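Trainee: Reminder that position 269 of the sequence shown reads as 269 in this note's numbering, one-by-one numbering, no gaps.
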Amino acid sequence: MHDSPTFNQEELRARFNPDGSPLRRQQMVMLEMAKVLDRICKKHNIPYFLYAGSLLGAIRHDGFIPWDDDFDVALLRKDYKRLMKILPDELPPGIVLQNNDTDKNYYYFFAKLRDKKSFIDEGLYDHPFKERGIFIDIFPLDRLWPCIQRLPLQGYAYTLLRADKSCSEKTLRKIRLLTWFNRRISFPVLRAFCRLTGAKPLLCDLGIPFHRIYDLNDVFPIGSHVFEDTEFSVPADCHNMLQDMFGNYMKLPEDLDHVYHHIEKLEFYD
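1. Kindly confirm or deny that the region 183-198 and the region 233-241 touch, where touching means at least three C-beta pairs closer than 8 Å.
2. Locate the beta strand (DSSP E) running through Q98, then write down its first and last residues.
3. Below 8 Å on the Cβ atoms is my contact criterion, and I expect L216 with L202 to pass it. Report the Cβ-Cβ distance as a whole number of Å.
4. For a test of the three-state rule: what should DSSP assign to R114, helix, strand or coil?
5. Specify, as a first and last residue, the run of the alpha helix (DSSP H) that P146 falls within.
6. Which same chain residues, not among the five before or five after L144, have their C-beta less than 6 Å away from its C-beta?
7. Taking the C-alpha atoms as reference points, what is the distance between G133 and Q98?
8. Taking buried to mean at least 16 other C-beta atoms within 10 Å of its own C-beta, is M1 buried or exposed?
9. In three-state terms, what does DSSP make of F227?
10. Might you give, ordered along the chain, the residues of its own chain that have their beta carbon closer than 6 Å to the beta carbon of D70, omitting 5 neighbours on each side?
11. With a CB to CB cut of under 7 Å and the five nearest residues on each side skipped, what residues in its chain are close to L172?
12. Per DSSP, what kind of secondary structure is M1 in: helix, strand or coil?
13. Rounded to whole angstroms, what is the Cα-Cα separation between K251 and F109?
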């Protein structure tokens, strides 16, 4: 069991994300997209769960961490593949799926749902993407050997962008080639090797620079927890997962003046 919160939730809301503030408006857009994703997953019996900061927000705040501008979910890779096939036909107008199939310059190996009525600029690494609206992240998890998951095979894309901040077509061609090679050749070979050698650790899929190891028994059976005004799916043992990710996760950061993510620009198209 985790300790009860020792902070005042209303004071945090008033300080960081009061109603009508740009951050709160962004959070509400993410929440509506998350509700759509939840309905689609439940309709098609696709197990997913709140992940990372969104899981922490659910358990510690019953919603968004007041200063958070992310919404993250995760699911097993086999379920992720099925979800990627279903989403394009199920998403309502105003929300679009962004992955390697839908955006030729998208080089991440996790998907996003993007809002079509907003624009967000998080910096250089998003600049090549076709869709730039407010988003939620969808992470695939797979059984991999940690040493293989940590191979920096996709990291060269970031190096290319740092060297050419104008995102020239020459640089984008290199990134597209790198992404294609990893997606079609190197990553399938490495996944097959992990399967054949009986890899047990559960990690974010290849090409995703998050290296924490999870226990399948902490994930399943999936439970639920309130997040804002909706029940979302959460791992079976939220405590173990959050303690592993954040340590004493019920304690607020020491320096609340420096908890924001860096967003260069945020626009809403009403």
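For every residue, glycine included, the Cβ atom is placed at its ideal position computed from N, Cα and C. None of these values were measured; they are calculated from a predicted model.
Mentor: Judging by the given coordinates:
1. The region 183-198 is not in contact with the region 233-241.
2. Note, Q98: beta strand (DSSP E), 95-98.
3. At roughly 5 Å, the Cβ-Cβ gap stays under 8 Å, so L216 and L202 are in contact.
4. If DSSP states are grouped into helix, strand and coil, R114 belongs with the strands.
5. From DSSP, the alpha helix (DSSP H) with P146 extends over 146-149.
6. Taken in chain order, the residues that qualify are C194, A199, L203.
7. Approximately 10 Å between the Cα atoms of the pair.
8. Because the pLDDT of M1 is 48, which lies under 50, any placement of that residue in the model is unreliable, and the number read from its coordinates should be weighed accordingly. The residue is exposed, with fewer than 16 neighbouring Cβ atoms inside 10 Å.
9. Strand, per DSSP.
10. If we look at D70 and ignore the five residues flanking it on each side, its Cβ neighbours are G53.
11. Beyond the five residues adjoining it in sequence on each side, L172 comes within less than 7 Å, by CB distance, of N105, P128 in the same chain, given in chain order.
12. Only weak support exists for where M1 lies, its pLDDT of 48 falling under 50; the value from the coordinates is given anyway. Coil, per DSSP.
13. A direct Cα-to-Cα measurement between K251 and F109 gives close to 32 Å.
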